[in-house]
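*Asks:*
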Amino acid sequence: MNNMNKIFSLILVIILASCAVNKADSNQIIWVNSSKVPCTGVAPMQCMQIQNGNELNPENWTLFYDEIEGFNFVPGNIYKLKVSITSLDPNLVPADASSKKYKLIEVISKTPDTKLNLNDIWVLTHLNEKAIAIQDENERPRMEVNLSENRVFGKGACNRFNGSIKKLSGNTLNFDERMMSTRMMCQNMKLEDAFFKTLSETNTYQIKNNHLYFFNSNNKEIARFKKID
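The end of the sequence shown is residue 253 by this note's numbering, with every number in the run present.
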């Protein structure tokens, strides 16, 4: 009988130890950004972007390679979540898996991300507040903003270009200076050069009535676009 008691006691100790290892270590506030971005874990994948804390810092996102149990992510919204974080027994976790388990407790807030209105196709209508005159609409500069890839691409008067978005926070918008473009000679090189120069000088933006406005560091309007898609 004593042996049976010892066995049951040993089993109980093992169960309690397992529960202790897997108990929730803490509850935390986690913010989730409005779109997933490409990342590489074991293989290329799409990752959420998160940050911790009660206050949101629009420039402080980090990649999140795990999942949050019970959380249904819908792109286009910034979430504030309360989650429990549990430490798992490293000996029971596969080498390519996380030793943390995240579980949703509460969706504190769900706010539409207004910057996603940038995610569209835009044609140039004004430079420095003056309407541009185009005889051939095929020469009208246009661009497409793709926030899921954090990129911008399109064409000037004739040359195609693509590049990355360096910074997008609040109404701040900066493009990477290292835009790649083809090198054909256009009939309207003056317009194309002015358009590409505008992209390099863009500091802030505004969207109003399906029009996109770019401003330089002096808050002067340098370009205006119309949404076409």
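Just so you know, even glycine gets a beta-carbon here, dropped at the ideal spot from N, CA and C.
Given the structure is predicted, the values throughout are model-derived calculations rather than measurements.
#1: So, with DSSP's three-state summary, where would you put Val45?
#2: By the DSSP assignment, the alpha helix (DSSP H) with Thr135 in it spans what residues?
#3: Quick check: is the beta carbon of Phe185 nearer than 8 Å to any beta carbon in chain D?
#4: Do you know whose CA, among Phe220, Gln70, Ile54, Lys179, lies nearest Glu163's CA?
#5: Distance, Cα to Cα, Asp217 vs Leu151?
#6: According to DSSP, is Phe97 part of a helix, a strand, or is it coil?
#7: Give a yes or no on contact between the segment 169-183 and the segment 199-213, applying the rule of three or more CB pairs nearer than 8 Å.
#8: Around the C-beta of Val107, are 16 or more other C-beta atoms found within 10 angstroms, so that it is buried, or is it exposed?
#9: Mind checking which residues open and close the beta strand (DSSP E) that includes Ser188?
#10: List the endpoints of the continuous alpha helix (DSSP H) containing Glu225.
#11: Under the DSSP definition of a beta bridge, which residues are partnered with Ser111?
#12: Quick check: the segment 60-73 against the segment 81-89, are there 3 or more CB pairs under 8 Å?
#13: Identify, in the order they occur along the chain, each residue of the same chain with its Cβ nearer than 7 Å to the Cβ of Glu249, setting aside the five sequence neighbours on each side.
#14: Is the CB-CB distance between Ile102 and Asn174 below 8 Å?
#15: By the 10 Å Cβ neighbour count, where 16 or more other Cβ atoms means buried, how is Lys139 classified, buried or exposed?
#16: Take Met203 as the anchor and find which of Asn240, Met167, Lys125 has the nearest alpha-carbon.
#17: With a Cβ-Cβ cutoff of 8 Å, do Asn111 and Lys127 count as a contact?
#18: Where do the N-terminal and C-terminal ends of the beta strand (DSSP E) with Trp146 fall, by residue?
#19: Ala247: buried (16+ other C-beta within 10 angstroms of its C-beta) or exposed?
#20: Which residues bound the beta strand (DSSP E) around Tyr89?
#21: In chain order, what residues of the same chain lie with their CB nearer than 7 Å to the CB of Val272, ignoring the 5 residues before and after it?
#22: What three-state label does DSSP hand Asn243 in the structure shown?
#23: Measuring alpha carbon to alpha carbon, tell me which residue in Ser50, Val98, Pro99 is nearest Asn76.
*Replies:* So, from the listed chains and residues:
#1: Confidence in Val45 is poor, its pLDDT being 46 and thus under 50, which makes the residue's placement too unreliable to answer from.
#2: No alpha helix (DSSP H) contains Thr135, which is instead part of the beta strand (DSSP E) from 124-136.
#3: Note that chain D does not occur in the displayed structure, where there is just one protein chain.
#4: Lys179
#5: 12 Å
#6: coil
#7: yes
#8: buried
#9: 184-193
#10: Where Glu225 is concerned, the enclosing alpha helix (DSSP H) stretches over 213-225.
#11: Lys124
#12: yes
#13: It is worth fixing the name first, because residue 249 is Phe in this sequence and not Glu. Excluding positions up to five away in sequence, the list reads Trp146, Val147, Leu148, Thr149, His235, Leu236.
#14: no
#15: buried
#16: Met167
#17: The sequence shown places Ser at residue 111, rather than the Asn named in the question. No; because the gap between Cβ atoms is not below 8 Å, this pair is not in contact.
#18: 145-151
#19: Counting Cβ neighbours within 10 Å, Ala247 comes out buried, since at least 16 surround it.
#20: Counting along the chain, Tyr89 falls outside any beta strand (DSSP E), and DSSP gives it neither H nor E.
#21: Residue coverage of the chain in this structure runs from 25 to 253, which leaves residue 272 outside it and unanswerable.
#22: coil
#23: That would be Ser50, whose Cα lies nearest to the Cα of Asn76.
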